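Below is one structure, written out as structure tokens; the observations come after it.
Residue numbers (full-length UniProt numbering): 1 to 299.
Take a look at the structure:
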């Protein structure tokens, strides 16, 4: 099967932008031309590649070609860099969890700023779900809690995020008995519907059946989540990297001495790409500075 590079580029634009119309604007062609290219690609592949939904998404067969298209786009841009001495808007797509973005990942932003005209596209998702974006071909690399390598990828252990149960002193006093926190009644926070860490910890702290009719607020922002804890909206598990200053000031207190630990890994495509190599080095270095641990490449 001899696939047209223009058609693959068009498929990638539709998946990234979520619609045929916006893809047309990005590519500088008409929506009808976008539609014709995809129809031609689907005819060549012999199957439907794009779900005509809102947003438009790739089918299982389409995901295979999206991966190929993203690899091709990266290698073409790096080739242009070698020929012209510049990087032509290379998109570095990464999936990671919000807590990592709010804490140890930030130095990576500064590193990418020095990569010429490269752009960084971040997909924020719970660390237990970021690998899905890698499998679909949406991203080149992902921060994940999964040690098992996706096909065609390599895995490097980054370190361990540590989460502490905290609240305001007032909330603790209101919902505590001598030597015992009333977990069943104390208002709680979670990041979102896929917040496996918060939900799992809530279950472990309560007796069976105690979770009904509890006050649980949902705050889908790492910084907003921390602020919600600080003002007493509920107790929560918060990364020690974020909460340490507030504990020192006494604005927040520890509810117990338990530490929830989440081991993180960097999974990236096994692709001969100088730019992807630089990105991986930046991610590993940033993690090593903040969540120190021995790291080893896994196969």
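All residues carry an ideal CB built from backbone N, CA and C; glycine is no exception.
Computed from a predicted structure; not experimentally measured.
Buried or exposed: residue i, going by 16 or more other Cβ atoms within 10 Å of its Cβ?
| i | result |
| --- | --- |
| residue 274 | exposed |
| residue 179 | exposed |
| residue 231 | exposed |
| residue 198 | buried |
| residue 85 | Residue confidence is low: residue 85 scores 49 on pLDDT, short of 50, so the model does not pin down where it sits. No coordinate-derived value is stated. |
| residue 98 | buried |
| residue 206 | exposed |
| residue 109 | exposed |
| residue 147 | exposed |
| residue 66 | buried |
| residue 203 | exposed |
| residue 227 | exposed |
| residue 191 | buried |
In the DSSP assignment, find the beta strand (DSSP E) that holds residue i and state where it starts and stops.
| i | result |
| --- | --- |
| residue 91 | 91-96 |
| residue 262 | 253-269 |
| residue 159 | 153-167 |
| residue 119 | 119-124 |
| residue 141 | 141-144 |
Look at the Cβ atom of residue i, then the Cβ atom of residue j, and state whether they are nearer than 8 Å.
| i | j | result |
| --- | --- | --- |
| residue 68 | residue 8 | yes |
| residue 123 | residue 113 | no |
| residue 139 | residue 265 | no |
| residue 145 | residue 262 | yes |
| residue 163 | residue 220 | no |
| residue 195 | residue 126 | yes |
| residue 237 | residue 165 | yes |
| residue 215 | residue 137 | no |
| residue 31 | residue 21 | yes |
| residue 175 | residue 186 | yes |
Only counting the same chain, and skipping five residues up and downstream in sequence, which positions put a Cβ closer than 7 Å to that of residue i?
| i | result |
| --- | --- |
| residue 152 | 269, 270 |
| residue 5 | 72 |
| residue 305 | It is not possible to answer for residue 305, since the shown part of the chain is limited to 1 through 299. |
| residue 258 | 165 |
Only counting the same chain, and skipping five residues up and downstream in sequence, which positions put a Cβ closer than 8 Å to that of residue i?
| i | result |
| --- | --- |
| residue 50 | 11, 14, 15, 38, 42, 56, 57, 58, 59, 62 |
| residue 284 | 156, 158, 266, 295 |
| residue 87 | Confidence at residue 87 is low in this model, with a pLDDT of 43, below 50, so its placement is unreliable and no value can be given for it. |
| residue 303 | Lying before the first or after the last residue shown, residue 303 is absent from the chain, which here runs from 1 to 299. |
| residue 193 | 218 |
| residue 107 | 282, 285, 286, 289 |
| residue 19 | 54, 55, 56 |
Assuming residue i contacts residue j under a Cβ cut-off of 8 Å, what Cβ separation, rounded to an integer in Å, is found between them?
| i | j | result |
| --- | --- | --- |
| residue 172 | residue 253 | 6 Å |
| residue 104 | residue 282 | The Cβ separation is near 11 Å, so there is no contact. |
| residue 167 | residue 229 | 7 Å |
| residue 149 | residue 130 | No, residue 149 and residue 130 are not in contact; Cβ-Cβ is about 14 Å, not under 8 Å. |
| residue 91 | residue 121 | 5 Å |
Leaving out the 5 sequence neighbours to the left and right, which residues in its chain are closer than 6 Å to residue i when beta-carbon positions are compared?
| i | result |
| --- | --- |
| residue 27 | 13 |
| residue 217 | 189, 233, 234 |
| residue 74 | 273 |
| residue 135 | 150 |
| residue 279 | 92 |
| residue 64 | none |
| residue 301 | Because the chain in this structure spans residues 1 to 299, residue 301 falls outside the shown range and cannot be described. |
| residue 181 | 255 |
Quick check: does the Cβ of residue i come within less than 7 Å of any heavy atom belonging to the ligand FAD?
| i | result |
| --- | --- |
| residue 21 | Of ligands this structure carries none, so the ligand FAD is not represented either. |
So the alpha helix (DSSP H) residue i belongs to, where does it begin and stop?
| i | result |
| --- | --- |
| residue 280 | 274-290 |
| residue 37 | 31-45 |
| residue 206 | Per DSSP, residue 206 belongs to no alpha helix (DSSP H) and is neither H nor E. |
| residue 245 | 240-249 |
| residue 179 | Careful: residue 179 lies outside any alpha helix (DSSP H) and carries neither H nor E. |
| residue 25 | 20-27 |
| residue 221 | Where residue 221 is concerned, there is no enclosing alpha helix (DSSP H), given that its DSSP letter is neither H nor E. |
| residue 113 | 106-113 |
| residue 11 | 5-17 |
| residue 190 | Run containing residue 190: none in the alpha helix (DSSP H); it sits in the beta strand (DSSP E), 188-190. |
| residue 133 | 130-136 |
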